[in-house]
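Colleague: In our numbering, the protein residues as written are 1026 to 1369.
Don't be surprised by glycine CBs; every beta carbon is placed ideally from N, CA and C.
Because the structure is a prediction, the values reported are computed rather than measured.
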Amino acid sequence: MIYAYAALAIVAAVLIDRFPSPRLRRIVIVALAIPLLLVPLIDPSEATRNLLADASIYVALALGLNIVVGFAGLLDLGYAAFFAIGAYAYGMLASPQFGLHIPFWVILLLAGPLAALFGMILGAPTLRLRGDYLAIVTLGFGEIVPQIFQNLTAYTGGPNGIPGLDVPSFFGKSFGASALPFYYLALALVALAIFIAGNLRASRLGRAWLAIRDDELAAKHAGIDTTRAKLAAFAIGASFSGCAGVLFAAKLGLVSPDLFGFQVSVLIVSMLVLGGMGNLSGVVIGSLVLTMLNSAILPQANMLAATLLHVHVDLSQYHFAIYGVILVAMMLWRPSGLIARRAR
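(1) Less than 8 Å between the CB atoms is what I'm expecting for Ala1269 and Ala1097, so what's the real figure, rounded?
(2) If you follow the alpha helix (DSSP H) that Leu1315 is in, where does it begin and where does it stop?
(3) What three-state label does DSSP hand Phe1174 in the structure shown?
(4) Quick one: using the 10 Å Cβ neighbour count with 16 as the cut-off for buried, is Ile1092 buried or exposed?
(5) How many whole angstroms separate the CB atoms of Tyr1104 and Ser1266, which I take to be in contact at a CB cut-off of 8 Å?
(6) Looking at the strands, I want to know which residues DSSP matches up with His1126.
(7) What residue from Pro1206, Phe1285, Tyr1208 and Leu1279 has the CA that sits closest to Ile1169's CA?
(8) Rounding to the nearest angstrom, what Cα-Cα distance links Leu1297 and Ser1361 in this structure?
(9) Quick check: the Cα distance between Gly1116 and Gln1122, rounded to an integer number of angstroms?
(10) How about the segment 1124-1137 and the segment 1345-1364: do they share at least three Cβ pairs that are nearer than 8 Å?
(11) Which residue from Gly1301, Arg1359 and Ser1281 puts its Cα closest to that of Thr1178?
(12) Report yes if the CB atom of Ile1221 is closer than 8 Å to the CB atom of Gly1307, and no otherwise.
(13) Taking the alpha helix (DSSP H) that Ala1222 belongs to, which residues open and close that run?
(14) Please say whether Leu1323 and His1344 have beta carbons closer to each other than 8 Å?
(15) Considering only the alpha carbon of each residue, which of Ala1247, Lys1255 and Leu1100 lies closest to Trp1234?
(16) Please list, in chain order, all residues of the same chain as Ala1106 whose beta carbon is under 6 Å from its beta carbon, the five residues on each side excluded.
(17) DSSP three-state call for Val1192: helix, strand or coil?
(18) Output needed for Leu1154: all residues of its chain with C-beta closer than 8 Å, excluding positions within five of it in sequence on either side, in chain order.
(19) Could you tell me which of Arg1232, Glu1071, Leu1099 and Ala1078 sits nearest to Ala1263, measuring between CA atoms?
(20) If you check the beta carbons only, do Tyr1208 and Pro1065 fall under 8 Å apart?
(21) Any idea what DSSP makes of Ile1364, helix, strand or coil?
(22) Whose C-alpha, out of Ile1310, Ala1218, Ala1213 and Asp1339, is nearest the C-alpha of Ala1058?
(23) Considering only residues of the same chain and omitting the five flanking positions on each side of Pro1206, which have a CB-CB separation below 8 Å?
(24) Within 10 angstroms of the Cβ of Asp1240, are there 16 or more other Cβ atoms? Answer buried if so, exposed if not.
(25) Buried or exposed for Val1084, going by 16 or more other Cβ atoms inside 10 Å?
(26) Quick one: what's got a C-beta closer than 8 Å to Ile1132's C-beta in the same chain, skipping five residues either side?
(27) Among Gly1111, Leu1142 and Leu1299, which one has its Cα closest to the Cα of Ile1310?
(28) Could you check whether Ala1204 and Ala1321 sit closer than 8 Å to each other, using their CB atoms as the reference points?
(29) Where does the unbroken alpha helix (DSSP H) through Gly1270 begin, and where does it stop?
(30) What three-state label does DSSP hand Ser1290 in the structure shown?
(31) Are the beta-carbon atoms of Thr1251 and Ala1243 separated by less than 8 Å?
(32) Less than 8 Å separating the beta-carbons of Ala1140 and Ile1110?
(33) Any idea if Thr1181 is buried or exposed, counting beta-carbon neighbours within 10 angstroms, 16 or more meaning buried?
(34) I believe Lys1183 touches Leu1279 by the beta-carbon criterion, under 8 Å. Please report the beta-carbon distance rounded to the nearest angstrom.
(35) Is the CB-CB distance between Phe1287 and Ile1082 below 8 Å?
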């Protein structure tokens, strides 16, 4: 059933991208939103619901990074840092760590502006950097933030993290141990991210991002305030990651620095490259494909190899090698991704 869910979401993304008319797109979205809401109820398996919730969270992360990389053309290799900032914000404010039990919904609303602030802090010293130099600085930022959380033992629990986070509730009804409420909340976050990113792309700021991505020097000479546009890209992209971090921490019930390492940033960048940078439908498809590959396909491939070939190998330990092969293949045969962005 999980493959049917993924196929349904991929078909939805492809169909939405194929209709140039906004009215037809709205009709397709409404027609396909109902099955996405019902599929977790058809299959009550908790493992399936967990996978769907995680996949939706990663889609939201990829949509946020797409603003920075796909729209503005700023290569950010430290995107997981904002994911960690949102998660630790919930960990410190909604747990016995400081005796603060701030409601989940309040922290979810505050996580976006908080992550956006750190996004501007990251963006400020990188305004004059381009290409590889920008990637190196963002990579350093992505490595520094988890190390800070790991070393501030008195505040963050150090390597052990912060366990026992508060379980969210809605009008007095607790989410409990089920992943179903988190799936619907993550789905709402994805819908909001798509709505915001789509409108931003068509706005004056979005056109400024596209101009900077194509030729920053020409954009500057055309009168575009590149400094303001870059800071806005870092801030808005980081805000999506912060909200996703809060949702991820609340679902998991704990935060730990090893959950937000460099491999998370590599995974999200791989989603963009696979699906197609700058294209919202492509980003959704790339996120779903890699999430299903990592969480569903590879574990089942292990069982098939042990059953049919009598070979006991854990393919999940080689998932980064598989990502590398996918990225190399995409760069050779389809550098624009599965769904290329439309030329304007």
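Modeller: Result, derived from the coordinates:
(1) Between Ala1097 and Ala1269 the Cβ distance is about 19 Å, and since that is not below 8 Å, they are no contact.
(2) Leu1305 to Met1317
(3) helix
(4) buried
(5) 6 Å
(6) Ala1119
(7) Phe1285
(8) 10 Å
(9) 8 Å
(10) no
(11) Ser1281
(12) no
(13) Leu1205 to Arg1226
(14) yes
(15) Lys1255
(16) Phe1166, Gly1167 and Val1170
(17) coil
(18) Val1162
(19) Leu1099
(20) yes
(21) coil
(22) Ala1213
(23) Pro1193, Phe1195 and Phe1200
(24) exposed
(25) buried
(26) Ala1114, Tyr1115, Leu1118, Ala1119 and Val1271
(27) Leu1299
(28) no
(29) Thr1251 to Leu1277
(30) helix
(31) no
(32) yes
(33) buried
(34) The amino acid at residue 1183 is misidentified as Lys; the sequence shows Gly. Between Leu1279 and Gly1183 the Cβ distance is about 13 Å, and since that is not below 8 Å, they are no contact.
(35) no
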